[in-house]
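Written out below as structure tokens is the structure these notes cover.
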Amino acid sequence: MTGFWCLYRLRNRAKRKMIRDILTFFFNRSARRHGGYVGPGAVILGEPLLPHGLHGVYISRFATIGAGCRIYQNVTIGEVKRRAPVVGNGCLIGAGAVLVGDIRIGDGVKIGAGAVVCQDIPAGCTVVAQPPRILEGGAGYA
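Below, the structure written as structure tokens:
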């Protein structure tokens, strides 16, 4: 995935439209090959860990993803009226989870598989099931 993220960063930093268009073409080809989508304006700090690749992962162009996040397959990080989630550092987002709207996910949050999150989650918590339940937990909890 290193080449994919390299294209992503180059595309977002390109000043000249022609260069940006060429990089966008190759980036979109790569994204289609991997079966996912990362919006052109998405802010991603560092390279996220994608254990299953980009398969089915959708990241809105308005989203912000912190450093060291682990994102599993078929995750949606989507926007509502151009407002998208801000995911903190070191978060884990389980397979099939959906994060949508103008929400803040704190550092070190674990979101279980299939959870639908549309409200703010404080740092260090675990979120499971539908509707989402916050399991209080800090250091010492698994």
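To convert, note that position 28 of the sequence shown is 27 in numbering that gives the first Met the number 0; the numbers rise steadily by one, no gaps.
Glycine included, C-beta positions come from ideal geometry on N, C-alpha and C.
Start-end ranges of the alpha helix (DSSP H) lying completely within the region 90-118, minimum 4 residues: none
message: Which residue wins for smallest C-alpha separation from Gly93, given the options Arg82, Arg15, Gly55, Ala66?
response: The residue labelled residue 93 in the question sits at position 94 within the sequence shown. Ranking Arg82, Arg15, Gly55, Ala66 by Cα distance to Gly93 puts Gly55 first.
field: Straight-line Cα distance separating Gly95 from Pro121
entry: On the sequence shown, residue 121 is found 122 positions in, with the first residue counted as 1. On the sequence shown, residue 95 is found 96 positions in, with the first residue counted as 1. Approximately 21 Å between the Cα atoms of the pair.
message: Just to confirm the assignment, what range does the beta strand (DSSP E) spanning Ile120 have?
response: Here residue 120 refers to the residue found at position 121 of the sequence shown. From DSSP, Ile120 is part of no beta strand (DSSP E); its letter is neither H nor E.
task: Mind the definition here: the region 52-68 touches the region 7-22 only if three or more C-beta pairs lie below 8 Å; say whether that holds.
output: no
task: Locate the beta strand (DSSP E) running through Gly77, then write down its first and last residues.
output: Residue mapping note: residue 77 aligns to position 78 of the sequence shown, counting from 1. Where Gly77 is concerned, the enclosing beta strand (DSSP E) stretches over 75-77.
query: Between Phe24 and Cys5, what straight-line distance do the alpha-carbon atoms span, to the nearest angstrom?
result: To locate residue 24, count along the sequence shown from 1; it is residue 25. To locate residue 5, count along the sequence shown from 1; it is residue 6. Roughly 14 Å between the two C-alpha positions.
message: Only counting the same chain, and skipping five residues up and downstream in sequence, which positions put a Cβ closer than 7 Å to that of Asn11?
response: Taking the first residue of the sequence shown as position 1, residue 11 is located at position 12. These residues qualify, in order along the chain: Pro39.
message: Is it buried or exposed, Ala62, if we count other Cβ atoms within 10 angstroms and call 16 or more buried?
response: Here the question's residue 62 lines up with position 63 in the sequence shown. Ala62 should be labelled buried.
- request: Work out the CA separation of Ala83 and Leu91 for me, nearest whole Å.
  value: The count along the sequence shown starts at 1 and reaches residue 91 at position 92. The count along the sequence shown starts at 1 and reaches residue 83 at position 84. Approximately 17 Å, taken between the alpha carbons.
Opening and closing residue of the beta strand (DSSP E) in which Val56 lies: Locating residue 56 in the sequence shown gives position 57, where the first residue counts as 1. Careful: Val56 lies outside any beta strand (DSSP E) and carries neither H nor E.
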